[in-house]
Structure formats: structure tokens, C-alpha cells
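Enquirer: For the sequence shown, this note's numbering begins at 5 and goes up steadily by one.
Even glycine gets a Cβ: it sits at the ideal position worked out from N, Cα and C.
Right, I'll just put the structure down here and ask away after.
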Amino acid sequence: MVRRKRGKTAGSKGGSWEAVSRVVFPVEDGQQVMPLYAIDFTRPRINEAALATSGVLPKLDMGAMTRGKFQELVRTSGIGDSVTCDSFTVNSRTQITVRRRGHASLCTFFNAFPAAYWRRWTPVREVRFSARVQGSGTIRLFKSTGRGLIYAAAEEIAVDAADGFRDISAEIPLTGLMDGGYFWFDVEASDSPVSIADARWSVPRGAKTVHPSGGKAETTLSVAITTFNRAPYCLNQLRTLANAPELRRRIDTVYCVDQGTDRVESQPGFEQVSAELGGQLSYICQRNLGGSGGYSRGMYETVKAGRSDYVLLPDDDAVSEPESILRAVQFEDYAVKPLLVGGAMFHLDNRTVLYTQGERINSSRMWNMPSAGLDYNFDFAASPLRDAPERHQRVDSDYNGWWMCLIPVAVLREIGLSQPFFIKFDDIEFCLRARRHGCPTVCLPGVAVWHQAWHDKDPTRGWEEYFIQRNRWISALLCFPDHPPRMLLENLRWDASVSLRFLYSALALHTMGLKDILKGPEYIVRSLPVKLDEVKSLRAQFDDAQVKSSFEDFPEPAGEMASHGKRRESLTMKDYYKAVLGLLGRCAAAGFAGGAKRKQGHPSRPDIAVPAKDASWAGIALRDLDSALLTAPDGNTVAWVRRDDRRARQGMLENARLTRTILKNWKKLAREYADYDMASLSSWEHIFEQE
């Protein structure tokens, strides 16, 4: 049981301090991730956006630019030199040495202190920087604002300690940080190297708002990992936890919920990891209930055990930074209200690229977008944090993906667990539900995992499309019961998109999802264990689901893609509307006797082969094609898709009819789903008992 008191506005006043953000360095994969931890110092480059007194900048008149000026712009711009990390060496997890005359900066994702977030969400009003130093050089402390402007945060600290390490510290007030800002330090060596060890940012213990009961000295957490046939990845996640002693001290139980046939317990090395974790590991095997069922099992067991203050949901195939987990826990300890503390996601295959740091929901579309207008996929190896003023603003989020999210157990007791969605939108709906109960989501900088990104996936070409579309609108019913989104327009756009690409399995899965929404919450719960098989069975009936592993399994395409119209990057919205109108015209013609005729009837071979990156709606619709070979986003298979205007017409009309029915009964359906309380502990207990 967590007791959260009203925290006092806290400075030091002679009290004790608790380290809440330890400066750490990578001891593995340093070449891939070092720009996220420490970089070589370069002179700051502040752009006009940070200096402008108005948030509205003059627009650039590209039409007035001559060819020569444009060529000059191209030659003199671009990324330029990438971030370098050559002025220092990493000695250990907590120590670096800056070489003679070297200059390093810790204004990085993992080691800049997110001062604005502590100012906004905790009663802390002063922090302490401390470290041990040896050698000769200078330590400089900096702060930024929400604009990204940089100032000295304290006086320079001269280091002259040739004979051994000595302690340094400085206390910095949390002022000027309402809109954003970080604290960080730079290290410059003089004529000899300088080492810095055990650097940390601490806050007054008196500001803590969460105090554990049951005689515990500190709050604790359980970790809920769910996996399905990703046994090697899951084992690595368990190994990371086992090898993090500071984190282990705060962990009650690691619940590993294995729902696959390739068991984690069968992996080489599992016995060793299990022995290292000892009684902290609870290995649970259950039938495949999807990510929502696996996470809910871990949450359910955590609530029933009654020991932990928080539960952490990390993805099984994510690569964790253990310090991130500790930071999330300690941030929650000091929060003025219960929070869902989320972590950012970096690309696993390009490890300095930040996919996103918290996201928003467009309620009119019921679709996600980046928070604060920030773009996805920001590369810290190309542009350091210090030179990206937009990254210094404090970001408010609607939800955080469950690649990493810390949840107070008291919130689970109050609002329930995940919705029984199998996969997709369970994290979004949960965060929106928690916010309605006074528990917002905060994606805390310096907290993150590495996870496989989405650029080699396309849900419209797989069974996941059913769960996306069904759960998207059930979430809207639960989250916006009085204000339905523009569902009819969105579904028409979605259906047109897949029809333009001849992905009629996606159209059929959309129909199934809409029908299942109308069947009500009891059906959603009852069908959870078996729905995936039904979805796969339906999808298997369509051409776009018949994939082969070689182009040789199909006839040679009649032409090359380059000879068939525009490439994706040159298309405009005008092209899109033209394509949609053409589709609607063909669908209308398909309603008459004889229907719309293909140029060649059923072709004996594909018109062209389309690479996955061009296999959007534009890859086919604008080329007046009848069929094409489409490679899969993962590059392993290819499918022969064929145009069928009758099927497109029937599917789009049926989905429009179903959508109108849902909208007509929106408030009634919303009450039914809310009253059934699918996410309650008792509902999930019944599901688990059906094993």
C-alpha cells in the first residue's frame, strides 16, 4: 500500500539528499550508443527559433529563390559532421577520463538531468550535483530553458587533484523551468587528463511524497514481462535485470509470462539466470492471450501479491537501460500525484535514433501523433541535444507505449488492468483511462529502451489489422462516450487506402472488426483466446495473404515499376484525391451488370513488381494496373495481388453501413462497454481460470 502525502516545496535546508539520477556510461555497444551518454564538446549553435521573441517565424518564399541560390543552400547546408566521442575514454559504468586538452559534454539524452520535469511534477525546488574528480581541469555546470537557451548554472569548479580523487558538489535552484530545460555538466582537461566518477543528481529526501508501508525502507516494484516465441530476447531481458544489483534491491518479483511454444525456460542459459534471480523470478506459462493478456497477468499477480508499490511493463524484445528503471521509480516516489512514468523508444537497429518520447491522441481520428509537434525519428548522433532547442521544451503526453511504462499498483486497484484487446491500443486506452482518474502519463527524459521500430512492418498486410481497427473504435467508445470521432470519414479513408493497394484481406478484417464491436463486450471477452485463429483463417482466403519466398514462384512481371507513373516521394494530395475518385468510379461501375472490366481480364502474369517501400496506395493506384507483385516489409516474402473492384465496392459499402450503425448507437454502445468493465480484476480472474 502506497501512502502519498502532499509534498512540501523542498530545498535542502541542511537535510539529507537522495541520488535520483546517476550519471552512467555504456560498457557494451559503446560505439553504437555513446552519443546518448557523452559527446565531444562543440560550440553551441542556437537557431532563430530559440532566440525569436515571437513563436511565429517569417515563412520562407521558396518561389523567390533562384536555381543558383538553391544550389548554394544545398552545398552549404546538410547534416555536416556527426557527433563525435573521441576526447574521452570510458573506464567503467560510472567513470570516464577526459584526455589531455580534451573537452567532453554530458548534455545527452541519458545524462542531462530533466530539471523541468522535476519542477513540474514534484515539490523539489533545488538539486545537488556531486561527483568525485581526479586530475587537472574544469567542471562547468549548465542549465537550459524551454526555448533551448543555455546559461551557466553555477560557478566553474577547478579540478587540481593529481594525487587522488576528491569530492565536488554544487546546489542549483529549479528556477526558470516551467516550460522546459535541463541541467548538465561539461568536463575540460588541461595539460593532464581529468577523471570524473560517481557523478549524480540528488534531491532533498524531505520532498518525497510516497512512503512504503509494511516496514520497507524503500518503495519496491514488480516487473511484468510477457513473451510469445521470442525466447532469446526475453532471456536477455531477464539477464539484464539479474545483472543490475542497484535495481535488484528495489525489485520484489519479475513475472515472466510465457505464452509461446518456444519456451524461455528451454533456452540455454535460462537455468543460470533463474538461479541468479532466485526467488525474485516467477515463471508463468499460459495460453496465448496476446500482449494485453500477458501484461494483465503480470499486473494481476502483482496486485494479488500485495507487496509492490509499482509494476513495470517492459517489452520482451526491448533492450533496457537499468538506470532508466531506477530513475522512473524514484521520480514516482517524489511525484505530487500518481503518474504513469513512461520511457522513450530508440530504434534497436539504429541506436541513436529516438523514435518517440511520449505521444498524443488525435481524438477526432482516434490515432496517435508525436507530442508537442515533435517529429518521430530524431537522431542524436546527427544533432546533439544541446543544439536541438525543440527538445528542451517540457513535453506533455496522452500515453506511452508499453515498451516501457511504470504504473502505481494503487492505480491498478482503482481502474483495473489492460482491456482484453489481445494486442493494439491496450496501452493507449489504459493511459487515457488513468488520466480520467487523475493519473496522467509523463514520459521522462533519460528513461528509455531500445526496441525494434516499425519501418519494416505494415499492419495492413497482416492479421494485426483486425485488432488495430476493432480496438481503435472500442477505445474511442470507452474514452469519448459523448463525442464520437469522425469515424465514417476515417473508415472510408482507411478502406480506400487498402482497396487502392488491392489488400482485400485488410478490408475483410475491417468488416469483421466492426461486426464484432456491435456484438458487445461479452463477446470481446469470450472470444479473446480464439479470435486470432479466426482472424488468420479469414485472411488466408485472399490473394494478398498467399505469400511465397521467391520471385521464381510467380510469372515474370510484364513491366518495370520505373515505367509506370510517379514514385511515392513525388506524389501530392491531388494525386491521392484523383486516385480515390478513380477507385470510387470503378466501384460504382462494378455495381452494374458486367462490372468494371480489366484491361486484360485475369492477367496471366503481374503487371509489375513493387518494392515494399513503394507498396503504399500510390504504388499501384496511379498506374492503372490490374495486378502486381508486392514484397513484404521484412523482405522475406512476396505476394501477387490482383484488382477486384466488385470486392472493393462490397467491402466499402458494408463497412460504411456498419460504421453508421455504430455511430447511430454510439452512446448506447459506450454505456454497454463501460458497464461491463472488461478490464476489472474479476473479469481477468475469470479469463485466467479458463485455462
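How would you call His690, buried or exposed, if buried means at least 16 neighbouring beta carbons within 10 angstroms?
Expert: exposed
Enquirer: Helix, strand or coil, according to DSSP, for Phe692 in the structure here?
Expert: helix
Enquirer: With the cut-off set at 7 Å, would you say Leu225 and Val333 are in Cβ contact?
Expert: yes
Enquirer: So Ile154 is in the beta strand (DSSP E); what residue range does that whole segment cover?
Expert: Ile154 to Ala156
Enquirer: Rounded to the nearest angstrom, what separates Val584 and Pro488 at their Cα positions?
Expert: 25 Å
Enquirer: In the DSSP output, which residue or residues are listed as bridge partners for Ser109?
Expert: Ile43 and Asp190
Enquirer: Provide the residue span of the beta strand (DSSP E) that contains Asn95, from first to last.
Expert: Phe92 to Ser96
Enquirer: Once you ignore the five residues that flank Thr265 on each side, which residues in its own chain have a CB closer than 8 Å to its CB?
Expert: Asn233
Enquirer: Below 8 Å, can you find three or more Cβ-Cβ pairs linking the region 185–203 to the region 270–286?
Expert: no
Enquirer: Nearest-angstrom Cα distance between Arg395 and Pro449?
Expert: C-alpha separation (whole angstroms): 10 Å.
Enquirer: Could you round the C-beta distance between Lys552 and Phe546 to whole angstroms and report it? I think they count as a contact, below 8 Å.
Expert: That pair is no contact at about 15 Å.
Enquirer: Where in the region 510–547 do unbroken runs of the alpha helix (DSSP H), each at least 4 residues long, occur, reported from the N-terminal end onward?
Expert: 525–530 and 535–543
Enquirer: Give me, in chain order, the residues of the same chain whose beta-carbon lies closer than 6 Å to that of Ser368; leave out the 5 immediate sequence neighbours on both sides.
Expert: Pro489 and Arg490
Enquirer: So, for Thr46: in the same chain, excluding its five sequence neighbours on each side, which residues have a beta-carbon less than 6 Å away from its beta-carbon?
Expert: none
Enquirer: Suppose you measure from the CA of Leu700 to the CA of Asp649; what does that come to, to the nearest Å?
Expert: With the chain covering only 5 through 695, there is no way to say anything about residue 700.
Enquirer: Can you give the beta carbon distance from Thr88 to Asp44, rounded, assuming they're within the 8 Å contact cut?
Expert: 5 Å
Enquirer: Which residue marks the beginning of the alpha helix (DSSP H) containing Gly346, and which one marks its end?
Expert: No alpha helix (DSSP H) contains Gly346, which is instead part of the beta strand (DSSP E) from Leu344 to His351.
Enquirer: Give the secondary structure of Ser608 by DSSP, where H, G and I count as helix, E and B as strand, and everything else as coil.
Expert: coil
Enquirer: Apply the 10 Å Cβ neighbour rule to Met682 and answer buried if 16 or more other Cβ atoms are within range, or exposed otherwise.
Expert: buried
Enquirer: Under 7 Å, do Pro48 and Ile154 count as touching if we go by C-beta distance?
Expert: The beta carbons of Pro48 and Ile154 sit closer together than 7 Å.
Enquirer: Would you say Ser140 and Asp167 are within 7 Å of each other, going by their C-beta atoms?
Expert: no
Enquirer: Mind checking who Met656 pairs with in its DSSP beta bridge?
Expert: In DSSP, Met656 forms no bridge with anything.
Enquirer: Out of Phe350, Met408, Val413 and Gly106, which one is the CA nearest neighbour of Asp383?
Expert: Phe350
Enquirer: What residue range does the beta strand (DSSP E) around Ile143 cover?
Expert: Ile143 -> beta strand (DSSP E) spans Glu130 to Ser148.
Enquirer: On a CA-only basis, which of Leu532, Leu316, Phe146 and Gln241 is nearest Pro177? Give me that one, please.
Expert: Phe146
Enquirer: How should Thr80 be labelled, buried or exposed, when 16 other C-beta atoms within 10 angstroms of its C-beta is the threshold for buried?
Expert: For Thr80, the predicted model reports a pLDDT of 49, less than 50, meaning its position is unreliable and no value from the coordinates is stated.
Enquirer: Does the distance from the C-beta atom of Arg204 to that of Ala339 stay below 7 Å?
Expert: no
Enquirer: Check the DSSP bridge columns for Leu225 and list the partner residues they point to.
Expert: Residue pairing by DSSP puts Leu225 in a beta bridge opposite Ile255 and Tyr314.
Enquirer: Measuring alpha carbon to alpha carbon, tell me which residue in Lys519, Ala678, Asp537 and Lys672 is nearest Glu658.
Expert: Lys519
Enquirer: For Cys483, count neighbouring C-beta atoms within 10 Å of its own C-beta (all shown protein chains included) and say buried if the count is 16 or more, exposed if not.
Expert: By the neighbour-count definition (other C-beta atoms within 10 Å, threshold 16), Cys483 is a buried residue.
Enquirer: Out of Ile365, Trp406, Thr356 and Cys409, point me to the one whose CA is closest to Ala385's CA.
Expert: Thr356
Enquirer: Does DSSP put Met380 in a helix, a strand or coil?
Expert: The question names Met, yet the displayed sequence has Tyr at residue 380. It is coil, neither helix nor strand.
Enquirer: Who does Ile411 pair with in a DSSP beta bridge?
Expert: Val315
Enquirer: Considering Val502, what are the terminal residues of the alpha helix (DSSP H) in which it resides?
Expert: Counting along the chain, the unbroken alpha helix (DSSP H) around Val502 starts and ends at Met491 to Leu504.
Enquirer: Within the continuous alpha helix (DSSP H) that includes Trp467, where are the two ends?
Expert: From DSSP, Trp467 is part of no alpha helix (DSSP H); its letter is neither H nor E.
Enquirer: Provide the residue span of the alpha helix (DSSP H) that contains Thr101, from first to last.
Expert: Following the DSSP letters along the chain, one finds Thr101 in no alpha helix (DSSP H) but inside the beta strand (DSSP E) bounded by residues Gln99 to Val102.
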